């Protein structure tokens, strides 16, 4: 375990050095994120000029949810999406073999190899928005709501990770899977509203096949103190199940992998 | 005449090429569908919370608006600026520039083919959404007639605007920021968040003044039959004016950019 943490830290440091070479890039990345988050909050405010509650969610709760939406995305985009993007390229180019030969767990190595350190700013911006929502909510933040928030947020990121890992594993058979990944990116947008807002078929999709809806809604419920205890347990069990399935599927895929030119 | 022949050849080749990627284009269609559907769901929730009516909009009106919005956003979609950035960064642009035909024409063909290929499935999906939300259209025959030039103008405007952004790649190799700016402006002003009638007053005024609403919101309002003949003329006029401005801007930026361009890796 310690060994893997050290490996991840090394990857992180290498990427940070790499990115510090492009400082303007860094600044522009943060500027873009502020723009995206700001306009999304604007959309929520426009909705709330016509109502005081969105299917039971108040304005402060919706602002917190918007923050969570960007926290989840940030969590995924810092490490998993850049790493998986490279992984798909490795499969295509046949360079994956080099990583597989290394004396460590390939799933860990390949899931954490690449970091987009700029995206750490997203986490700060997302956390700031959540804090603003909480401030407006002026609800007493109990230790339980904080803990359950942190836990369900981590679960949310891992749920999305499980989905991405499953999708990327398909590349062992199909090589070109950018299109399958596009399904996930297309549905990501749906995370900006609580899942209970959507019609049945979409709610089902966002809770199972593309779990972005669950990943965003449950932590938001936790932090605004409206989460049922069953939901918490369900979230933990569901995440364990999803990650378990994804790494089982990954191992099957790996066994099937024959190398691009072998 | 030569241009017509060229286009016929390019379209033919393009259709054959696209036949290999039919599933792919259907997947990309999801990008036009998901956002309108989620905002539709949000407005339905608002309408229900307010007793079914917000400023004259009922659930059926929101459904009609967002179904038309989906249809329009698919028809006006353009993605040249993303593609162009990639081509410049990969050093592929130089080869394209050497061809006798302006790169613009290739992307017109790609664009048209993608839309024609996805249209039948999109229409089926939209009919399903219309039925499940009980969309209420107030469209009269003349609205449909006016929609045709309006959506063509909108597509041309969005396409040319995209090319203006794309031409910036001659100077800067990182275009993401310009693209994000454009997308977020479209998000706020084009009518994706709400029908323009429900936006706060100052945002409405800005939307009417800026080009973005004319790319999506305007044809949407015409198609769902929410405008009078006088308003329709104003909309078409605004679209034509913005298209002219954008086209002139593109010509001058492209000319200057081509002179400033130093191929990556050259």
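Residue numbers (the working numbering), protein chains in the order written: chain Z, 1 to 262; chain R, 1 to 266.
All C-beta atoms, glycine included, are put in the ideal place defined by N, C-alpha and C.
Quick caveat, the model's predicted, so the values are computed rather than measured.
{"Check": "Along chain Z, which residues have their Cβ under 7 Å away from the Cβ of residue 199 (chain R)?", "Outcome": "46"}
{"Check": "Using beta-carbon positions only, say whether residue 227 (chain Z) and residue 216 (chain Z) come within less than 8 Å of one another.", "Outcome": "no"}
{"Check": "Kindly indicate if chain Z contains any beta-carbon less than 8 Å away from that of residue 220 (chain R).", "Outcome": "no"}
{"Check": "How would you list, in chain order, the residues of chain Z whose beta-carbon sits under 8 Å from the beta-carbon of residue 248 (chain R)?", "Outcome": "None at all; the shortest Cβ gap to chain Z is about 27 Å."}
{"Check": "I'd like to know if residue 159 (chain R) contacts chain Z, where contact means its C-beta is closer than 8 Å to some C-beta of that chain.", "Outcome": "no"}
{"Check": "Can you name, in chain order, every residue of its own chain whose Cβ lies under 7 Å from the Cβ of residue 34 (chain Z), other than the five neighbours on each side?", "Outcome": "125"}
{"Check": "Can you name the residues that DSSP bridges to residue 57 (chain Z)?", "Outcome": "Z:54"}
{"Check": "With H, G and I counted as helix, E and B as strand and the rest as coil, what does DSSP make of residue 57 (chain R)?", "Outcome": "strand"}
{"Check": "Using a C-beta cutoff of 8 Å, does residue 169 (chain R) count as contacting chain Z?", "Outcome": "no"}
{"Check": "Taking C-alpha atoms, which residue in Z:200, Z:104, Z:147, Z:199 lies nearest to residue 229 (chain Z)?", "Outcome": "Z:147"}
{"Check": "Among R:112, R:224, R:78, whose alpha-carbon lies nearest the alpha-carbon of residue 15 (chain R)?", "Outcome": "R:112"}
{"Check": "Does DSSP put residue 226 (chain Z) in a helix, a strand or coil?", "Outcome": "coil"}
{"Check": "Express the C-alpha separation of residue 202 (chain Z) and residue 131 (chain R) in angstroms, rounding to a whole number.", "Outcome": "16 Å"}
{"Check": "Over what stretch of residues does the alpha helix (DSSP H) that includes residue 16 (chain R) continue unbroken?", "Outcome": "2–18"}
{"Check": "Could you give the DSSP three-state label for residue 184 (chain R): helix, strand or coil?", "Outcome": "helix"}
{"Check": "Exposed or buried, which one is residue 192 (chain R) when buried takes at least 16 other CB atoms within 10 Å?", "Outcome": "buried"}
{"Check": "Is DSSP giving residue 219 (chain Z) helix, strand or coil here?", "Outcome": "helix"}
{"Check": "Between residue 254 (chain R) and residue 248 (chain R), what straight-line distance do the alpha-carbon atoms span, to the nearest angstrom?", "Outcome": "10 Å"}
{"Check": "If you pair each beta-carbon of the region 112–129 of chain R with each one of the region 59–75 of chain R, do three or more pairs fall below 8 Å?", "Outcome": "yes"}
{"Check": "Output, in chain order, the set of chain R residues within a Cβ distance shorter than 7 Å of residue 186 (chain Z).", "Outcome": "30, 31, 34"}
{"Check": "Determine the DSSP secondary structure at residue 233 (chain Z), reduced to helix, strand or coil.", "Outcome": "helix"}
{"Check": "Report yes or no: do the region 175–187 of chain R and the region 95–109 of chain R share at least 3 C-beta pairs separated by less than 8 Å?", "Outcome": "no"}
{"Check": "Name the chain Z residues whose beta carbon is nearer than 8 Å to that of residue 132 (chain R)?", "Outcome": "199"}
{"Check": "List, in order along the chain, the chain Z residues whose C-beta lies closer than 8 Å to that of residue 50 (chain R)?", "Outcome": "50, 51"}
{"Check": "Which bits of chain R does residue 183 (chain Z) rub up against, with CB to CB less than 8 Å?", "Outcome": "27, 30"}
{"Check": "What number of angstroms, rounded off, separates the C-alpha of residue 32 (chain R) from the C-alpha of residue 3 (chain Z)?", "Outcome": "45 Å"}
{"Check": "Against residue 35 (chain Z), what residues of chain R qualify as contacts under a CB-to-CB distance less than 8 Å, listed in chain order?", "Outcome": "180, 181, 184"}
{"Check": "Could you tell me whether the Cβ atoms of residue 224 (chain R) and residue 137 (chain R) are closer together than 8 Å?", "Outcome": "yes"}
{"Check": "Determine, for residue 43 (chain Z), whether the minimum Cβ-Cβ distance to residues of chain R falls below 8 Å.", "Outcome": "yes"}
{"Check": "Cα separation between residue 123 (chain Z) and residue 117 (chain Z)?", "Outcome": "11 Å"}
{"Check": "Give the secondary structure of residue 227 (chain R) by DSSP, where H, G and I count as helix, E and B as strand, and everything else as coil.", "Outcome": "coil"}
{"Check": "Would residue 51 (chain Z) and residue 194 (chain R) be called neighbours here (beta carbons separated by less than 8 Å)?", "Outcome": "no"}
{"Check": "Excluding the five sequence neighbours on either side, which residues of its own chain have a C-beta within less than 7 Å of the C-beta of residue 239 (chain R), listed in chain order?", "Outcome": "150, 153, 154, 157, 214, 218"}
{"Check": "From the DSSP output, in three-state form, read off residue 102 (chain Z) for me.", "Outcome": "coil"}
{"Check": "Are the region 36–51 of chain R and the region 162–177 of chain R touching by the rule of at least three beta carbon pairs closer than 8 Å?", "Outcome": "no"}
{"Check": "Restricting to Cα atoms, I'd like to know which of Z:209, Z:149, Z:170 is closest to residue 232 (chain Z).", "Outcome": "Z:149"}
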